[in-house]
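Reviewing the structure listed below.
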DNA sequence: TATCTAAATAGAAATCATTTTCGTTTATTC
DNA sequence: GAATAAACGAAAATGATTTCTATTTAGATA
């Protein structure tokens, strides 16, 4: 995956740290907190500030290169998601893996909002939490 | 609206402050931040701590007596919603009014998650933000 | 390849919504 | 009218996130 190229296209400087953050998320199979990304960054760089991590995560998420979940605890977590289309995620709260969903009710919602409220939808948040098949299988084994 | 009775049923003490918080939300036509509720509480009580407001809002929301929105800024806002059925909300980010939506794609999502991921959905967040008809009408007037 | 400039970073400190602690008060039960 | 668990106040703590400012650096340009 040529992250360097992606950044260039978006006119973001391809700094080593920015690339490392992308790389960390790309190779993580689960979503990570800013603090967890920072921990991994500290293994790669002698000097790396937490604000740098926060800034980059927000920057990259804002450009759609990475995605974020708002957990019910209101903390943010980030993950790499190659899918550039609008879509939502199924988040396993046990192993923290994320799966894309193809289902999005945006159009139906827009229709209802328009018909019943005559209002305009500007954005929507949809997140589905649960337990993935792996985790529920493991749980059964334990018993 | 007999809030006293609602609280008794849920075995929550009907303290004056708890009742006042319910009353404030009941009479507010818009969603309020904990801080805004606190401001209104201070007009009614000489001594009222912010933790009391937080505690009660969470307590009441946990019991489903009031609802909350997580704003894109990740701050929580609370509002009274008489609808006890599972449903979602359309939130006007301009006037902060909330409208119930009848549309919920929960079943479809559950179906997709079950079929494609063989996973179990435990909860979902869905919030729709936009501009209500009143607000967009007012905006046009201004021009 | 050297120079320039806007973008990016470090480090420290600030912010600020939310929570914890703990001693006191109070609504409900008997 | 006690007794008691729940609720409260005040102050302090927490902790994720942001701001500030001086310094560094990637990428453009000569």
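Chains as they are written, first to last, in this note's numbering: chain A, -11 to 131; chain B, -11 to 131.
Glycine included, each C-beta is placed from N, C-alpha and C at the ideal position.
- Looking from the CA of residue 113 of chain B, the closest CA among B/84, B/100, B/75 and B/130 belongs to B/75.
- Comparing alpha carbon positions, the residue from B/27, B/89, B/5 and B/95 closest to residue 91 of chain A is B/95.
- Distance from the CA of residue 51 of chain A to the CA of residue 35 of chain B, rounded to the nearest whole angstrom, comes to 47 angstroms.
- For residue 10 of chain B, the enclosing alpha helix (DSSP H) covers residues 4 to 15.
- A residue is called buried when at least 16 other Cβ atoms come within 10 angstroms of its Cβ; residue 89 of chain B meets this threshold and is buried.
- Note on residue 39 of chain A: under 16 other CB atoms within 10 angstroms of its CB, so exposed under the neighbour-count rule.
- Between residue 64 of chain A and residue 10 of chain A, the beta carbon gap of about 17 angstroms keeps them out of contact (Cβ cut-off 8 angstroms).
- Looking at the DSSP output, residue 18 of chain A shares a beta bridge with A/85.
- By the criterion of at least three beta-carbon pairs nearer than 8 angstroms, the region 55 to 71 of chain B is not in contact with the region 104 to 112 of chain B.
- Using a Cβ distance threshold of 8 angstroms, residue 82 of chain B and residue 107 of chain A do not count as a contacting pair.
- Per DSSP, residue 120 of chain A lies in no alpha helix (DSSP H) segment and is marked neither H nor E.
- Contacts with chain B (Cβ-Cβ distance below 9 angstroms) from the region 63 to 87 of chain A involve 63, 64, 76, 78, 80, 81 and 87, listed in chain order.
- By the Cβ neighbour-count rule, residue 14 of chain B is exposed, with fewer than 16 other Cβ atoms within 10 Å of its own.
- Per DSSP, reduced to three states, the secondary structure at residue 111 of chain B is strand.
- By a beta-carbon distance limit of 8 angstroms, residue 18 of chain A contacts residue 85 of chain A. Their separation comes to about 5 angstroms.
- When rounded, the separation of the alpha-carbon atoms in residue 129 of chain B and residue 102 of chain A is 20 angstroms.
- Excluding the 5 residues flanking it on each side, residue 25 of chain B has same chain C-beta neighbours closer than 8 angstroms at 9, 12, 13, 41, 45 and 66, in chain order.
- Chain order gives the chain A residues near residue 89 of chain B as 97, 100, 101, 104 and 105, where near means a beta carbon separation below 9 angstroms.
- Residue pairing of residue 59 of chain A in beta bridges, as defined by DSSP: absent, with no partner found.
- The residue among A/123, A/78, A/3 and A/32 with its C-alpha nearest the C-alpha of residue 104 of chain B is A/78.
- Around the Cβ of residue -9 of chain A, a 10 Å sphere holds 16 or more other Cβ atoms; the residue is buried.
- By the Cβ neighbour-count rule, residue 6 of chain A is buried, with 16 or more other Cβ atoms within 10 Å of its own.
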